[in-house]
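Note that the protein sequences, when read in sequence, are chains V and G. Following the working numbering, the numbering of the first sequence begins with 8 at its first residue and continues without gaps. Following the working numbering, the numbering of the second sequence begins with 967 at its first residue and continues without gaps. All C-beta atoms in this analysis are idealised placements derived from N, C-alpha and C, irrespective of residue type, glycine included.
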Amino acid sequence: MGLLGNSNGVVHFTVDNLHSMNDPPSEHAIDLRQVTKVYRGRIHALQGIEMRVRRGEVFGLLGPNGAGKSTLVKIMMTVIRPTRADGTVLGRPVGHKPTLARVGYLPENHRYPRYLTGRKTLEFFAALAKVDRRTRKRRAEQMLEVIGMREAADRSINGYSKGMMQRIGLGQALMNDPDLIVLDEPTDGVDPAGRRDIRNVLARLREQGKTVFLNSHLLSELELICDHVAILVAGRVARQGTMDQLTLAKQRYEVELSTGAAPLRTGVLEALPECFNGQASQATVSAIAPLPLPGMAPVLPAALPRTLDKGALPTGQWIELEGSVLRLGTTEAADVQPVLDALRRTGLTIRRVQQVRPSLEDLFLETISAPAAPADGFPIAPPPGVR
Amino acid sequence: MIQTWAIFVDAYRELNSKKMFWLVLILSAFFVLGFAAVGVKQHTLIFLGYQSGIPISSEPAEFYKFCFNLLGVHFWLTWAAMILALVSTAGIFPDFMAGGSIDLFLSKPIGRLRLFTTKYLAGLLFVALQVGLFCTASFFVIGFRGGTWEPGLFLAIPIVLCIFSYLYCIMVLVGVLTRSTIASILLTVLFWFLLFILTSAESGLLMFRIAGDRRSTVLERQIHDADERIATLQARPDETGARLRQYEARRTALQRDLAETQRTAKPINLIHRIVFQVKTVLPKTADTLKLLDRALSQVAQLPPVPEQSEPVDPLSDQRNVQPGDPEVMREYLQAEQGRSVAWVLGTSLAFEAVIVAWAAWRFCRRDF
C-alpha cells in the first residue's frame, strides 16, 4: 500500500508497495518472546518480555519511567542489542535489518540535522529507508500536506518549534510507506490541535491496515486510539490485552442509595437476602481507593477499614455494599433490574444508577502501585478470541 | 547505493553549512591568489608586475613548485588548514551518535558497519574537497605563470588526505568512545604532538647515530693508516725511533677515541632502535609528507659528494665528525629517502586500519 493523495487533507493509499507480498504469513506484526536486556551483567532492564501485536491494530505501550519501554522499542529498531530476543517483527527475526525498510520509527527526543529544511529531512530519511529518488520527491510533497507543514517546508528546521519538529518526525516515519509504524511519544510538545491531527493520521493508518505501535505517557491519548495496550513495570509485562479485556474485571454497575430514616445497610441486606446470605464482612477497599505512587507518601490513608459486605448475584457475579453504594460486578443491564426492583420494594430510594468502566489511567495507576511482581509476572490477558 | 549516496550528499550539506568550511576555502583562495601575484622575471622576484629587486636563482617553474611545496603544502595544507579541518570534523561522530540522532540512522535498513564506514569516508570529504580545489587552482597558476604543467601536484591530494586520515581515525575513535567533541579534538592534537616529538627524536637520534658511525669509520681508517706507517718505519734501518714513538702514541690515542666513540654510540643506537620501532607502528605524518618532496623534486636534493681526498698523515690534527657535517647530512638524507613508500604508507595505513577497526567494532557493539 502506498500513500498518495492529500489535496484536501485526506490520506489515500494505493498499492504501490509490494513489500508486504514478501511477508512470511503471520497473524502478528510484532511477536516478541523472551526479550531480555541486562546491562553490565547486573541491571535487568527487560526480563523476558512476551508481547504480540496483531496486524492492523493500534497498540499502546505504557509504563512508569524506567519500566523499560524505550529499551524495548529500541531493541525492535536495532538501536539496542538485546541480551536475548526471540520472536519476529513483520515475520522476520528481531534485528533483521532489511525488514526495517518496512518500518517507520519516530524516536523520543529526536534530533534532525539542523542544516536541513523540512522537505530535505523527509527526503534524506526516506533515502536511508531505500526509497528511490522519484518516489521520495513525490511522497515528500504529499507528506508535507498530511502533516500540515507545507508552508514551512523549505525553511531550515533550525527555526522549527517543538510541535513542528514532531510533525516532521512523524512525516519521516511515514515516508517509506511502512507496514509497521513505531512512535515514541508522538504527541510530545504538540498543541491540542496538533494532537488531534496526529490522532487522525493514526486513525487513517489503521483504516488502511497499518500496524501502529505507540509508546506514550499520555494515557488519555492512548485510550482514544489504541485497540490493545500493554503495561510494562520493572521490565516485565504487567498487563496486556484489549481495553475491554483489561477492564472487564473492573467493569460494574454502581447503585447509589439515599440514606433515609431506616438503617441503609440493614435495608439492603433484607432486600437482597439471596445475594448476601446474611453475611457481612469487614475488609479494606484498597482495590478501589486511589493509591499513592511509588515513593510518594499517601495524602490520605489508602485503605481505611470500612464495612464492606460482599456477596454474589443469582447469576454468579459479585456484589458488594460499601456505605451507600452498591456495586454489581456485571456489564449486563438485565442483571441489575431484579436488584433495583428488590431495593424499591424495601422502600429504599435510588439516587443514581451508573455503568462504571475504569479508565486506562485507573488501570495504569493500579498496576504500577501493586506490590512487586512475582517472578512469573503479572496477569497477562490472553489474545482476543482465546479465553 | 541510494543510502550511501544520501549519506555523502548529507555530509556535503553538513560541510556546506559550516562556516569553517567556507573560511578555509576563502583562505585557500587568498593563498592561491597570493601565489599568482608573485613571479620570477630575469632572475628577480616580481610582485603584481613590479620588480622587487630580490634575486632568485631558480627558473620560474622551479620557483613555483618550491613555493607550492613549501608554503602551500608544508605550511598551509598540512599545518594551518589541517588544524581547521580537525576542528571542523571533530563533531561529526559525536553529533551523529547523540541521542535522538543515532536512533534515526540505526532504525533504517542499513548495517552498522556500513553506516560507520560511509560516515567515516564522508568525514574525509572535507579535506578531499579543500585540497582538491587548492591543487587545481595551484596547477593552473603554475601552468600559466611558471609555464610548466605539473600533474604531479595532484599527488598532494592523496598525500594530504592520508596525513589527515591518520589523525582523523584517532578523532573518530575518541568520538565513538566518549561521544565528546572537545575530547576528540584535544586527544587528537595531543596525539599529533606526540607524533611530532617522536619524529623529531628519531631524526635527531638518527643523525647522532650516523655521525657516530662515521666518526668510528674515520678513526678506524686513521688507526689503520697509523699501523701502516708504524710498520713502514719499523722496516727502515735508519729510523731513530722518535717518529715511531710519535705514531705509536697517536695510534694509542686514536684507539682510545674509537673505544670512547663506540661506547657512546651504543646507547644512542639502542635508543634509536627502540624509537624507530615505536615509530614503525605509528603513523608517519612527516615521512608521508616527504613523499611529496621526493615526487616534486625529480633529483633528490642531496649535498654534493665530497671529493675523495688523499690519505692524510695520521699525525695531522683532523677535525672531529659532527652531526651537522655535509657528509653526515648526506647520509642522513639518504637514509630517510631510502625508507620505502611501502614502509611509510603501509605501516601508517595499517595503524589507521587497526584504529578504525577498533572504532567500528565499538560502534557496532554498543547500545545507544
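- If you draw a straight line from the Cα of proline 280 of chain V to the Cα of arginine 91 of chain V, it comes to about 56 Å.
- Contact check between the stretch 1242-1260 of chain G and the stretch 1123-1140 of chain G: three or more CB pairs, one atom from each, fall below 8 Å, which counts as touching.
- In the displayed model, methionine 58 of chain V falls within a strand according to three-state DSSP.
- For asparagine 165 of chain V, there is no enclosing beta strand (DSSP E), as DSSP marks it with neither H nor E.
- For arginine 1328 of chain G, not one C-beta of chain V is nearer than 8 Å to its own C-beta.
- Alanine 972 of chain G places its beta carbon 8 Å or farther from that of alanine 1088 of chain G.
- Counting only residues of its own chain and dropping the five nearest sequence neighbours on each side, glutamate 263 of chain V has a CB closer than 7 Å to the CB of Ser331, Val332, Arg358 and Arg359.
- Asparagine 222 of chain V: member of the beta strand (DSSP E) spanning 218-222, first to last residue.
- Chain order gives no chain G residues near histidine 224 of chain V, where near means a beta carbon separation below 9 Å; the closest approach is about 17 Å.
- Under the Cβ criterion (8 Å, minimum of three pairs), the stretch 190-202 of chain V does not count as touching the stretch 38-46 of chain V.
- Taking C-beta atoms as the reference points, alanine 1167 of chain G and valine 1093 of chain G fail to come closer than 8 Å.
- Rounded to whole angstroms, isoleucine 238 of chain V and glutamate 261 of chain V show a C-alpha spacing of 27 Å.
- Using beta-carbon distances, asparagine 116 of chain V counts as an interface residue toward chain G, with a partner under 8 Å.
- Put simply, the CB of aspartate 184 of chain V is far from chain G, with every gap to its CB atoms at 8 Å or more.
- Neighbourhood of aspartate 1333 of chain G in chain V, by CB distance below 7 Å: Ile87 and Arg88, in chain order.
- Using a Cβ-Cβ cut-off of 8 Å, aspartate 38 of chain V does not count as an interface residue toward chain G, since no Cβ of chain G sits closer than that to its own.
- Contact note: proline 105 of chain V reaches chain G through Pro1075, using a C-beta cutoff of 9 Å and chain order.
- Near chain G, meaning a CB-to-CB distance below 9 Å, no residue of the stretch 315-335 of chain V qualifies.
- Under the rule that a run must span 4 or more residues, the alpha helix (DSSP H) segments found entirely inside the stretch 1057-1108 of chain G read 1058-1062, 1068-1072, 1078-1089 and 1091-1107.
- Each residue's CA atom was taken as its position, placing aspartate 251 of chain V and leucine 225 of chain V some 19 Å apart.
- Residue burial is scored here from C-beta neighbours: serine 366 of chain V has fewer than 16 other C-beta atoms within 10 angstroms and is therefore classed as exposed.
- For phenylalanine 131 of chain V, the C-beta contacts it makes with chain G under 7 Å involve Ala972 and Asp976, in order along the chain.
- DSSP places glycine 48 of chain V outside both helix and strand once states are collapsed to three, so it counts as coil.
- Nearest Cα to threonine 128 of chain V within the set V:Gly94, V:Arg49, V:Arg109 and V:Asn165: V:Asn165.
- Look at glutamate 1025 of chain G here: in three-state DSSP terms it is coil, with no helix or strand label.
- Here tryptophan 1327 of chain G is exposed: its Cβ has fewer than 16 other Cβ atoms, across all protein chains shown, within 10 Å.
- For lysine 1245 of chain G, the enclosing alpha helix (DSSP H) begins and ends at 1208-1247.
- In the three-state reduction of the DSSP assignment, glycine 1000 of chain G falls in the helix class.
- Taking one beta carbon from each stretch, the stretch 1136-1146 of chain G and the stretch 1059-1068 of chain G have 3 or more pairs nearer than 8 Å; the two touch.
- Chain order gives the chain G residues near aspartate 139 of chain V as Ile968, where near means a beta carbon separation below 7 Å.
- Under the DSSP definition of a beta bridge, glutamine 362 of chain V partners with V:Tyr260.
- Relative to the Cα of glycine 1290 of chain G, the nearest Cα in the group G:Ala995, G:Gly1170, G:Leu999 and G:Leu1091 belongs to G:Gly1170.
- Two segments are said to touch when three or more pairs of C-beta atoms, one from each, lie closer than 8 Å; by this definition the stretch 166-183 of chain V touches the stretch 122-142 of chain V.
- In this chain, the alpha helix (DSSP H) harbouring threonine 78 of chain V covers 76-83.
- Listed in chain order, the positions of the stretch 156-187 of chain V with a beta carbon within less than 7 Å of a beta carbon of chain G would be empty, since no residue qualifies.
- Residue V:Gly70 holds the alpha-carbon nearest to the alpha-carbon of aspartate 369 of chain V among V:Gln54, V:Glu158, V:Gly70 and V:His51.
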